[in-house]
Amino acid sequence: MTQPYKHLTWPLFLEFIRLPAKAASMLPYALGISYAAWAFQQFSWVNSLLYGLAQLAIALFVTGFNNVQDYFKAKDHSYQQQQNIIGREHLSPWGMLALTILMLLVSVVLGLLLVMRTNLSLLVIGAIGVGIAILYTFGPIPLSRLPLGELLAGIVEGFGTFTIAVLINMQAPQPLDLVLGRRTFAFSLNLGWLLQLFIAVLPIVILNAAVMFADNIADLEQDVKNERYTLPYYLGKKRALRWYRLIPFTTFVTLLLGIVTGILPIWSLLVLATWPLVLHNTRAYTNSPSKDKTFIFTIRSLLSFGGALLVTLWLGIWF
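All residue numbers for the sequence shown refer to UniProt numbering, where the first residue is 1 and numbers rise by one.
In structure tokens form, the structure reads like this:
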């Protein structure tokens, strides 16, 4: 007799969507709307709220869909039934898939509302982002099974989210625009504006990539069993950990670059106070890389550094 599936409880849902990681994924959004207010003196409550909800929905979709696809594609039966939350807690895989699709639909609807309030360039950016989110764990060769996770986490989640958060707050003429005619289209992009945003958020791009890198290092043995060949597989665990130890230095150097160029407020020098904590967290993780025990340190580094940077942006706005 087949054992009935368990009902999805609130604690199981929070584990399914990996709540601590959601705070990290919303950080570029919060920094983006704050940077728009500081650097360009522009802010839209409605657009910011719509995008915040859309970004949260897509973040929930990505993590949930990843868990579902890992369950279906698992080559290691032990992982599927004992480590993946769907098998371990005996949840309905099709029910969980339906839940993630609902999250995706919510994000798409909110995104279309934003397009109507801004311009068509957002539709193109959003479509690319959603496509990457789906293909990350879906398709004949999911992106998660390639050494691309760190690049995608940094560029798409870090830089992309930040850029959209700034763009949706800016009034016409917008630095990124797409206009369609009957037989023509006009696309415009202010490259100086784009470079400014990239330098401003580069420390967060690095730390976002670091979270994915730490995740892949900790999961290396299990990933190989499930035929996922991520960046640490090609580097080797020892070399991957050596690379990971460089993250605090590159993060703070790029922070200073933003301050020296005037792209970040002088108040952002206060973020240097998080250096000992980030260094401690990095050493704690590299001394014993573990998903259960030390992975949380890499998220703490992102949240402490990013939270401090967020505070300094608001200090720049107020003073």
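Glycine included, each C-beta is placed from N, C-alpha and C at the ideal position.
In this text the structure is predicted, and so the values were computed from the model without any measurement.
{"Check": "Below 9 Å between beta carbons: does that hold for residue 333 and M103?", "Outcome": "Residue 333 lies beyond the stretch modelled for the chain, which goes from 1 to 319, so this question has no answer here."}
{"Check": "In its own chain, which residues sit with a C-beta less than 7 Å from the C-beta of T286, not counting the 5 before and 5 after it?", "Outcome": "L241, Y244, R245"}
{"Check": "Let me check one thing: in DSSP terms, what residues is F198 bridge-paired to?", "Outcome": "In the DSSP output, where bridge partners are listed per residue, F198 has none listed."}
{"Check": "If F159 sits next to A218, beta carbons under 8 Å apart, how far is it from one beta carbon to the other, in whole angstroms?", "Outcome": "Actually they do not touch by this definition, with Cβ atoms about 24 Å apart."}
{"Check": "First and last residue of the alpha helix (DSSP H) that includes S48?", "Outcome": "45-73"}
{"Check": "Is it right to say E227 is buried, meaning 16 or more other beta carbons lie within 10 angstroms of its own, or is it exposed?", "Outcome": "exposed"}
{"Check": "For a quick check, are the C-beta atoms of S107 and A54 less than 9 Å apart?", "Outcome": "yes"}
{"Check": "Using the C-alpha atoms, what's the distance from L313 back to L105?", "Outcome": "33 Å"}
{"Check": "Given A74, which residues of its chain have a CB within under 6 Å of its CB, disregarding the five upstream and five downstream residues?", "Outcome": "Q80, N226"}
{"Check": "Quick one, which of L235, D215, S92 has its alpha-carbon nearest D292's?", "Outcome": "D215"}
{"Check": "Looking only at its chain, what residues have a beta carbon closer than 8 Å to the beta carbon of L151, apart from the 5 residues adjacent to it on each side?", "Outcome": "A209"}
{"Check": "Quick one: using the 10 Å Cβ neighbour count with 16 as the cut-off for buried, is E157 buried or exposed?", "Outcome": "buried"}
{"Check": "The beta strand (DSSP E) that contains L178, what's its start and end?", "Outcome": "176-180"}
{"Check": "Since F185 sits in a beta bridge, which residues does DSSP pair it with?", "Outcome": "L180"}
{"Check": "With L211 and L114 assumed to form a contact (beta carbons below 8 Å), what rounded beta-carbon distance in angstroms separates them?", "Outcome": "Residue 211 is actually Val in this sequence, not Leu. Not a contact, Cβ separation roughly 26 Å."}
{"Check": "Pick helix, strand or coil for L264, following the three-state DSSP scheme.", "Outcome": "coil"}
{"Check": "By Cβ distance, which residues of its chain are closer than 6 Å to K22, with the 5 residues on each side in sequence left out?", "Outcome": "A59"}
{"Check": "Can you give the beta carbon distance from P248 to V271, rounded, assuming they're within the 8 Å contact cut?", "Outcome": "At roughly 12 Å, the Cβ-Cβ gap does not stay under 8 Å, so P248 and V271 are not in contact."}
{"Check": "Out of V201, R182, L167, E89, which one is the CA nearest neighbour of G154?", "Outcome": "V201"}
{"Check": "Among W318, G316, G306, whose alpha-carbon lies nearest the alpha-carbon of M26?", "Outcome": "G306"}
{"Check": "If L309 sits next to L56, beta carbons under 8 Å apart, how far is it from one beta carbon to the other, in whole angstroms?", "Outcome": "Not confirmed; about 20 Å, so no contact."}
{"Check": "Compare the Cα-Cα distances from N67 to each of G131, N281, Y136 and report the closest residue.", "Outcome": "Y136"}
{"Check": "Taking all protein chains shown into account, do 16 or more other C-beta atoms lie within 10 angstroms of the C-beta of Y229, making it buried, or fewer, making it exposed?", "Outcome": "exposed"}
{"Check": "Near Q3, which residues of its chain fall below 7 Å by C-beta distance, leaving aside the five closest residues on each side in sequence?", "Outcome": "H90"}
{"Check": "Measure the Cβ-Cβ separation of I85 and F138 and say whether it is below 9 Å.", "Outcome": "no"}
{"Check": "Please state whether DSSP places D76 in a helix, a strand or coil.", "Outcome": "coil"}
{"Check": "Within the same chain, show all residues whose beta-carbon is closer than 7 Å to that of N169, passing over the 5 residues directly before and after it, in chain order.", "Outcome": "I33, A36, Q42, F43, S44, N47, S48"}
{"Check": "Measure from the alpha carbon of G52 to the alpha carbon of each residue in K6, A165, L176, R239, then state which is nearest.", "Outcome": "A165"}
{"Check": "Check D223 in the structure and name its three-state DSSP category.", "Outcome": "helix"}
{"Check": "For a test of the three-state rule: what should DSSP assign to E15, helix, strand or coil?", "Outcome": "helix"}
{"Check": "If we count the other Cβ atoms within 10 Å of its Cβ and call it buried at 16 or more, is V205 buried or exposed?", "Outcome": "buried"}
{"Check": "So what's M96 in DSSP terms, helix, strand or just coil?", "Outcome": "helix"}
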